[in-house]
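In my numbering, the protein residues as written are 129 to 299.
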Amino acid sequence: MTEKLRTERALPPEAVVDAELAPITAMMSSRLMVLANLLKRGAMLRYKRLAGLSSVEFGLVASLGRRPPMSVVRLAEAVGMDKGQISRALAELVARKLVAKSANPRDNRETLVSLTKTGLAAHDAIVAGAQERNRRLLEQLTPQELALLLGHVDRLTEIAAEMLAAERELG
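Quick look at the structure:
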C-alpha cells in the first residue's frame, strides 16, 4: 500500500512522478542526502566557531567523548578513516592540548588517546551545540509528526541495510 507524503505545501508536479521516471534530485535518497549535507555543513560551521575544530577533528573529539582511553586503531575504526588521516588530526589535537597520548600499560607498543580537560570542554560544547540544533530542527514538528517521521526513517533504514547487504552479495 502506498501512502502519499503529507506536507504543508504541495510538492511540485515534477517531484510527484513515478519512481521510474523521477529525476535523481526528486528521489528519496537524494533528498535525504541534501538534508544531511545541510545539517552537517551547519554543524561543522558551529563546531568550528565553538571549539575551533575541523570536521575530522570534530569526529575524533566526538568519538573519544567521555570514554576511557582508546587505541588509535580503534579510533580509526570508530570514525571510519585510515590511521594516516587520524594521526595527522591527532597531532594537531595534541598540539592544541585537546588530546593526550599515552602508552597502553598492557602493551607498550600501542598508543592510547583520550581527551584532556580542555578536550572534554570542547566535547561538551559540541554536545550542547548538537542538542540545541536537534531541538531547533525537531520543534518544527508536532509530536505525532515526529513519531511518524522516526518510524518511517527506521523502516527506510532497515530496507536500506537490506539493499546494501544484497549489493554486497552481488560483489
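Ideal Cβ placement from N, Cα and C applies to all residues, glycine included.
Taking C-alpha positions only, Arg195 is separated from Pro151 by approximately 45 angstroms.
Three or more pairs of CB atoms, one per stretch, sit closer than 8 angstroms, so the segment 181 to 190 contacts the segment 241 to 259.
Ranked by Cα distance from Arg264, the options Arg159, Thr285, Gly170, Met161 are led by Gly170.
The three-state secondary structure of Ser183, taken from DSSP, is helix.
The alpha-carbon of Ala294 is positioned some 11 angstroms away from that of Ile287.
For Ser183, same chain residues with a beta-carbon under 7 angstroms away, outside a window of 5 residues either side, are Met172 in chain order.
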